[in-house]
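The C-terminal residue of the sequence shown carries number 690 in our numbering, and the numbering is unbroken. For each residue, glycine too, the CB sits at the ideal point set by N, CA and C. As the structure is a computational prediction, the values presented were derived from the model and not from experiment. Have a look at the structure below, then the notes.
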Amino acid sequence: KMTQQMRDLQLAQARKPPGPSSPNAAKRLYRNLSGKFRVNYTSFDEGSLAGRGEKEKLRKSYLFQSNAALFEAVELQDLDRVQELLKQYSPEELDLNTPNSEGLLPLDIAIMTNNAPIARALLQAGGKESPHFVSLESRSLHLSTLVREAEQRVNELMAQVVNEAPNTDCSEKEKQLKAWEWRYRLYKRMKAGFEHARVPDAPTNVHLSVASSSSVQVTFWEPLSVNSAVVTKYKVEWSCSPTFSPCLGEAVIDKLKNLHFTIRGLVSGTAYYVQVSAYNMKGWGPPQASVPPFAIPSNWREYDGRAPRRRGQAEALDHLLGQVKTVHQHCVCHEPCKSQPQSRKHSVSKSLKHLFHPGSKFLKTLKRGLYLTAIFYKDDNILVTHEDQIPVVEIDDTYSCLLMQDFLWFTKVSCMWDEILWLRQCVTVSQSSCSCILQTRFKMLLAISQMHGLLGIQDLGQVFFEPVKDKQGNILIVTLKEVKTNQTFESVRWVPICKLQTSRKSVSSPEEPTALDTLLISIQDKLAYHQRSSHALSPGLYLGYLKLCSAVDQIRVLVPERLPNILCHVKIRSNPNISREEWEWLQKMASVEEPIPAEPEAETSQNHLFQELQVAIKELMTLVNIPLQEAKDFRLYSQEVLDFGGQVSFLLLLPPSDDVCTAPGQNNPYTPRSGFLTLPLQIFELGEER
């Protein structure tokens, strides 16, 4: 109803261009005419600006309409419409933080009408309060002026309606009167909301933790009180004194999507006290001290001065590889690869456009041997040859029993696809003739080079963790790579996976499918594994469960299917750092004979970690289907914290020594539920590196 009233106000200006839909909107149309806001109703009866170009008019109209719609939605307390506009337009398009001619912002109206849901939505989008309200007095005076002038306008229109004879102009005056009566009530409600509001209570759950050797992190929640006005910002203060005299620093947080703050540039080994206070339109509330009351910037490595495990390792390996290359450049056995014969009917392309020429040497059927297949996929499509076949090349037609060590060697080669030519030059035929193992590996390198040449692509992706075998003696080594670009290629066929699966004519029986048929049947599972193995954990400290099982030729590790590149785990907390005090407490816990040491003192970081570990252990035991009473014999790995890139760290929970690795034939009474798999240990290690 109110929206219709606002639109009807335009009828008084029938000969002018279409005007705004409400008195408030009309005033906003002119908010850019002056550097100062004006509380003045005279602009309500003015028309649109003239002399603008048509393009500029359209642009201004577009921006004006979105901004006016937001103001109207906030004034009408339409949360759904506000959320829709915030999702549809950017803050710049909405002019979210530019005061209108009344000196108000959408957030001002929301908080002064005490509409907390809309205020929170605006704050999440980056909304701010009007800069014109520099004090409580200025806000109160401004609201009083708005109320007084709206009341004056209502009285004037009422007198005109009463005194004028019924006609078209009188009807328009009545509509304007109703609109102004509604606006008068809105301003009165805003003024009453401001007058009855009080400063906010203190924030709740203010928790302090050590983020590094030079920083601490404070997290907190909103105040519990529902009677005070909406909180629009917070202040974090820190000091070396519990009385905060002197205060070493403070920071104001006005982006309220995540209520946390990291204080950086602190001195390691020094205790810092932190407190947090909240702010609303009535001012700052009382501060709330953190729990624990202070924190000392540190890292667990400071306990014994230990250096990072991987410091300099990558550089050392690169240096070693460079030395090996240098030696082989002058080696007698070094032979450059022979170039392809000139009579070859097709050239080796460096791009996908020559992929799968009819003269290529991709195989259509398998004949008892070892093969390499490369799967490239994008969304639900897969790359196939011109004959609608997955690319397959032969490695060895006399090799029917792939040794695990050869397969693991191949997976390591996959980490250096661009070095295949150099590796072939190092492992020449003359060298490989003396060893069956070297012959097989040389043939693997030849097959990789052939695949590179036929595809015109160096990076074949990640090796699937186990080869595909059939009863006919065929073995398929599978590589997987996701193509994320939108580039289109000539002479290349992207075929929907489901179509490829249904159109392929099987040459085997359902009881004894060939390796290619098995691959096609299970290809969705393999693609899902490949996608999940590239996912990363969110920053934080995790509790991992290490469980191994051994076979004749390998050791396998238990991992979750949803993240096969990570041990079974649960998250302890979002802060990945273990402080020196926490690590010292963990060392003491590991050295005592009792399975559960005495609980540390309250309101300390050690106590908080103790409680977090209790929750995490219960959750982890449930996850891997181990009765909680069995966990009394488990222990935390106390030699180090496993760091992954500085943002993710792990504490390891280990079974008793005899149960860490299950031997062949040994019964495991607590088998994990579905959702887990076991990977060869070397494959798991490569997955971590990726």
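Closest to residue i by C-alpha separation, out of the options, would be which residue?
i, options, result
"Val468", "Ile626, His569, Thr604 and Leu372", "Leu372"
"Phe407", "Pro106, Gln425, Thr440 and Trp417", "Thr440"
"Phe684", "Tyr529, Glu582, Asp78 and Tyr234", "Tyr529"
"Lys188", "Leu256, Thr113 and Ser171", "Thr113"
"Tyr399", "Lys443, Asp254, Asn97 and Ser533", "Lys443"
"Phe71", "Glu92, Leu96 and Leu563", "Leu96"
"Asp201", "Lys257, Pro287 and Glu149", "Pro287"
"Ala229", "Cys498, Glu195, Asp254 and Gly249", "Glu195"
"Thr518", "Tyr303, Glu466 and Ile437", "Glu466"
"Leu567", "Leu537, Asp379 and Leu438", "Leu537"
"Cys498", "Ile523, Val478, Asn474 and Thr485", "Ile523"
"Ser674", "Asp78, Thr662, Glu640 and Leu623", "Leu623"
"Met589", "Val570, Leu613 and His569", "Leu613"
"Asn474", "Leu370, Arg556, Leu403 and Ala551", "Leu370"
"Val570", "Ser579, Ser550 and Tyr545", "Tyr545"
"Cys415", "Met404, Asp379, Gln458 and His386", "Gln458"
"Gly285", "Pro655, Val199 and Gln389", "Val199"
"Ala496", "Asp388, Ser66, Gly645 and Pro242", "According to the sequence provided, residue 496 is Pro. The question's Ala does not apply to it. Among Asp388, Ser66, Gly645 and Pro242, the Cα nearest to that of Pro496 is on Asp388."
"Val648", "Arg573, Val274, Glu302 and Trp494", "Arg573"
"Arg306", "Asp659, Ala631 and Trp583", "Trp583"
"Ala159", "Trp409, Phe294, Gln83 and Gln176", "Gln176"
"Gly665", "Pro672, Val552 and Ser241", "Val552"
"Arg368", "Glu151, Asp396 and Phe610", "Asp396"
With residue i as the anchor, note down where its beta strand (DSSP E) starts and where it stops.
i, result
"Tyr399", "Element bounds for Tyr399: n/a, residue is neither H nor E."
"Val478", "Ile475 to Glu482"
"Thr678", "Phe676 to Pro680"
"Asp643", "Leu642 to Phe644"
"Leu123", "Leu123 -> not in any beta strand (DSSP E); alpha helix (DSSP H) instead, spanning Ala116 to Gln124."
Thinking C-beta only, is residue j closer than 8 angstroms to residue i?
i, j, result
"Glu511", "Ala447", "no"
"Ala374", "Leu476", "no"
"Pro106", "His132", "no"
"Gly687", "Asn607", "no"
"Val216", "Val210", "yes"
"Thr411", "Gln88", "no"
"Phe220", "Val291", "no"
"Phe650", "Leu642", "yes"
"Phe464", "Pro560", "no"
"Gln554", "Pro391", "no"
"Trp422", "Lys325", "yes"
"Met281", "Arg139", "yes"
"Gly283", "Leu136", "yes"
"Asn577", "Ser212", "yes"
"Leu460", "Lys526", "no"
"Leu628", "Leu652", "no"
"Leu586", "Ser657", "no"
"Ser298", "Glu581", "yes"
"Trp300", "Tyr272", "no"
"Asp470", "Thr514", "yes"
"Gln83", "Asn115", "no"
"Lys191", "Ser245", "no"
"Ile378", "Val483", "Position check: residue 378 holds Lys in this sequence, whereas Ile was assumed. Yes, the Cβ-Cβ distance between Lys378 and Val483 is below 8 angstroms."
How is the alpha helix (DSSP H) around residue i delimited, first residue to last?
i, result
"Val161", "Leu136 to Asn163"
"Asn692", "The structure shown does not extend to residue 692, since the chain spans only 1 to 690, so no value can be given for it."
"Phe407", "Met404 to Val413"
"Leu266", "Per DSSP, Leu266 belongs to no alpha helix (DSSP H) and is neither H nor E."
"Phe442", "Cys436 to Leu455"
"Ile719", "Not covered by the structure: residue 719. The range shown for the chain is 1 to 690."
"Gln275", "Taken as a continuous stretch (DSSP letters only), Gln275 belongs to no alpha helix (DSSP H), being part of the beta strand (DSSP E) at Tyr272 to Asn280."
"Ile375", "Not the alpha helix (DSSP H): Ile375 falls in the beta strand (DSSP E), residues Leu370 to Lys378."
"Leu76", "That residue, Leu76, is in no alpha helix (DSSP H); it is neither H nor E in DSSP."
"Lys588", "Arg580 to Ser591"
"Gln472", "First-last for Gln472: undefined, no H or E at that position."
"Arg424", "Ile420 to Cys426"
What distance in whole Å lies between the Cβ atoms of residue j and residue i, which are believed to be in contact at a cut-off of 8 angstroms?
i, j, result
"Leu94", "Leu85", "7 angstroms"
"Leu620", "Leu543", "6 angstroms"
"Leu123", "Leu256", "5 angstroms"
"Val231", "Tyr279", "7 angstroms"
"Pro203", "Tyr234", "7 angstroms"
"Val274", "Val327", "With 8 angstroms as the limit, Val274 and Val327 do not qualify as a contact, their Cβ atoms being about 57 angstroms apart."
"Leu500", "Leu516", "Leu500 to Leu516, Cβ: 11 angstroms. No contact."
Runs of 4 residues minimum, wholly inside the stretch 495–573: which ones carry the alpha helix (DSSP H) assignment? Secondary structure remark: continuous alpha helix (DSSP H) runs of at least 4 residues inside the stretch 495–573, in chain order: 497–503, 515–521 and 523–532.
What beta strand (DSSP E) runs, 3 residues minimum, are completely inside the stretch 179–263? Complete beta strand (DSSP E) runs here, min 3: 204–212, 215–221, 233–239, 249–253 and 260–263.
Which full runs of the alpha helix (DSSP H) of 4+ residues lie inside the stretch 82–106, going along the chain? Taking only runs of at least 4 residues, the alpha helix (DSSP H) segments lying wholly in the stretch 82–106 are 91–94.
Just list the alpha helix (DSSP H) runs in the stretch 605–654, keeping only unbroken ones of 4 residues or longer that don't cross its boundaries, in chain order. Counting only runs that start and end inside the stretch 605–654, the alpha helix (DSSP H) elements of at least 4 residues fall at 605–623.
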